[in-house]
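Worksheet: one structure, shown below.
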Amino acid sequence: MEAPGGAEGVRCHHPVVEMLDLPFLPFCIFLGLLGFVCVAFVSAWCQYWRGGFAWDGSTQMFNWHPVLMVTGMVVLYGAASLVYRLPSSWSGPKLPWKVLHSSLALAAFILAVLGLVAVFRFHNDHGTPNMYSLHSWLGLATILLFSCQWLMGFSTFLLPWAPAWLRGLYKPIHVFFGSTILLLAVASCVSGINEKLFFSLKNGTTQYKLLPAEAVFANTLGLLILLFGVLVLGALARPSWKRPDADSLDSCQPLLADER
2 MEAPGGAEGV
12 RCHHPVVEML
22 DLPFLPFCIF
32 LGLLGFVCVA
42 FVSAWCQYWR
52 GGFAWDGSTQ
62 MFNWHPVLMV
72 TGMVVLYGAA
82 SLVYRLPSSW
92 SGPKLPWKVL
102 HSSLALAAFI
112 LAVLGLVAVF
122 RFHNDHGTPN
132 MYSLHSWLGL
142 ATILLFSCQW
152 LMGFSTFLLP
162 WAPAWLRGLY
172 KPIHVFFGST
182 ILLLAVASCV
192 SGINEKLFFS
202 LKNGTTQYKL
212 LPAEAVFANT
222 LGLLILLFGV
232 LVLGALARPS
242 WKRPDADSLD
252 SCQPLLADER
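Sequential numbering of the sequence shown, starting at 2, is according to our numbering.
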């Protein structure tokens, strides 16, 4: 045990640390508003500058791709990551929070799959090659890793077959890849925005290098997505916002285990 005057005591009472020790609820509200702004920005970009939305293989169908990816893989996935940071999840039964966490992640995955359908159908209908750019490689790798993450999490933490030692062994791996997937999703979205601007702002339009209004707007969208991801990762890394019993055996109990 460390003495009260040790490094831990000094660190906890340092004025800078106290100033930055924000309550989680105001942070969560701000993050929710930021996520809403990200979705609003990508929707406005595709509606105002890229021609709107359709589901017919046209250019308007492609516009669903960035909207669904930002909404699913960044905003909803980020929300799913922070479920266990909610103070209200620290007491009482864990069942509702496990259901909420897995449901948000599943919703994010469904939107991501629809986003892939939109871009692949658009490419195929227009004879555009698939999977040649760094953005496409990074994006598909993120989705594949996410699908493995969700399946492993569901089978390990929500079903009763896995022994306690296996759940305890896998949990830090699950947490690590959860943050990694969010980081990859943000990188995929930012690279996709940049790629779309390079492809679109040419041949009769104001070139990207001249920074037209669309470029400024989309670049701002990229920065907002990056800020959202950084704030989520920062919240996940903050010890004071971590569930007190997060490392206990009880926190690794499966969702469908018999409770007697």
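For each residue, glycine too, the CB sits at the ideal point set by N, CA and C. For clarity, every value in this text was computed on a predicted model and none was experimentally measured.
| Query | Result |
| --- | --- |
| Residues near residue 192 in its chain [Cβ-Cβ closer than 7 Å; skip 5 each side] | 135, 136, 139 |
| Validate contact between the segment 101-110 and the segment 210-224 using beta carbons, cut 8 Å, 3 pairs | no |
| Buried versus exposed, by CB contacts within 10 Å (16 or more), residue 174 | exposed |
| Closest residue to residue 109 among 147, 126, 83, 92 (Cα-Cα distance) | 147 |
| Segment contact, 8 Å Cβ cut-off, at least three pairs: the segment 225-245 with the segment 70-89 | yes |
| Three-state secondary structure (DSSP) of residue 243 | coil |
| Pair within 9 Å by beta-carbon distance, residue 70 and residue 112 | yes |
| Nearest-angstrom Cα separation, counted from residue 178 out to residue 195 | 25 Å |
| Collapsed DSSP secondary structure at residue 54 in the structure displayed | coil |
| Exposure of residue 165, with buried meaning 16 or more beta-carbon neighbours within 10 Å | exposed |
| C-alpha gap between residue 59 and residue 65, whole angstroms | 11 Å |
| Inter-residue Cα distance where the pair is residue 216 and residue 197 | 10 Å |
| Residues near residue 180 in its chain [Cβ-Cβ closer than 7 Å; skip 5 each side] | 234, 237 |
| Reference residue 169, options 182, 154, 183, closest by Cα | 154 |
| Top-ranked residue by Cα proximity to residue 28, from 171, 152, 51, 86 | 86 |
| Helix, strand or coil at residue 127 [DSSP, three-state] | coil |
| Under 9 Å between C-beta atoms of residue 36 and residue 75 | yes |
| Simplified DSSP state of residue 103, which is helix, strand or coil | helix |
| Limits of the alpha helix (DSSP H) - the one that residue 197 falls within | 165-201 |
| Distance between beta carbons of residue 226 and residue 47, contact taken as under 8 Å | With a Cβ gap of about 14 Å, residue 47 and residue 226 do not count as contacting. |
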